[in-house]
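Trainee: Handing you a structure now.
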Amino acid sequence: MRKFFYGISVFLFLCVLSLGYYRTYQMAEGGRTAAESPIGPEEQEKTQTVSSQEESGYGKYYLKDLDGLVVVYRSDKKTVFETTGIELSSLPEKLSREIQEGKYIKSEKELYSFLENYST
1 MRKFFYGISV
11 FLFLCVLSLG
21 YYRTYQMAEG
31 GRTAAESPIG
41 PEEQEKTQTV
51 SSQEESGYGK
61 YYLKDLDGLV
71 VVYRSDKKTV
81 FETTGIELSS
91 LPEKLSREIQ
101 EGKYIKSEKE
111 LYSFLENYST
């Protein structure tokens with residue numbers, strides 16, 4: 001009878017140990033539920049707000065030609081974000097055509113990288 005009791009005890013111990021390992025593995029892989037998430041409701045709301053700003057066009061720009069100069073417009077293509085001193089004639093032909101049609105720039109980082117490369 002003792003052997004049976006020890007056998008059951010060892011089996012249950014191994015089950016609990018493997019269940020703990022499995023649970024740790026799931027958490028490390030990102031399988032957390034919303035209740036277990038370290039992000040509180042306020043942070044989740046902020047995350048949703050940032051996502052909606054990105055979807056609404058915040059941070060998206062267009063480069064267009066205005067009197068021979070490159071001008072940066074916001075996503076609505078009407079609001080001037082910045083007037084550059086870059087002359088359209090000083091740019092490569094292909095890029096010049098893209099700007100005349102309205103070159104899309106998806107982020108502020110990409111915008112400033114472009115301006116840094118082509119400004120004198």
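So in the UniProt record's numbering, spot 62 of the sequence shown is number 62, and the numbers just go up one at a time.
Every residue, glycine too, gets a C-beta built ideally from N, C-alpha and C.
Per DSSP, residue 82 is paired with what?
Mentor: In DSSP, residue 82 forms a bridge with 72.
Trainee: Please look up how many angstroms separate the CB atoms of residue 94 and residue 62, rounded, as I've assumed it's under 8 Å.
Mentor: Not a contact, Cβ separation roughly 17 Å.
Trainee: So, helix, strand or coil for residue 88, using DSSP?
Mentor: Helix at residue 88.
Trainee: Below 8 Å on the Cβ atoms is my guess for residue 99 versus residue 64; work out the distance and round it to an integer in Å.
Mentor: Correct: roughly 6 Å between the Cβ atoms.
Trainee: Assuming residue 111 and residue 72 are in contact, meaning their beta carbons sit under 8 Å apart, how far apart are those beta carbons, in whole angstroms?
Mentor: The Cβ separation is near 7 Å, so the contact holds.
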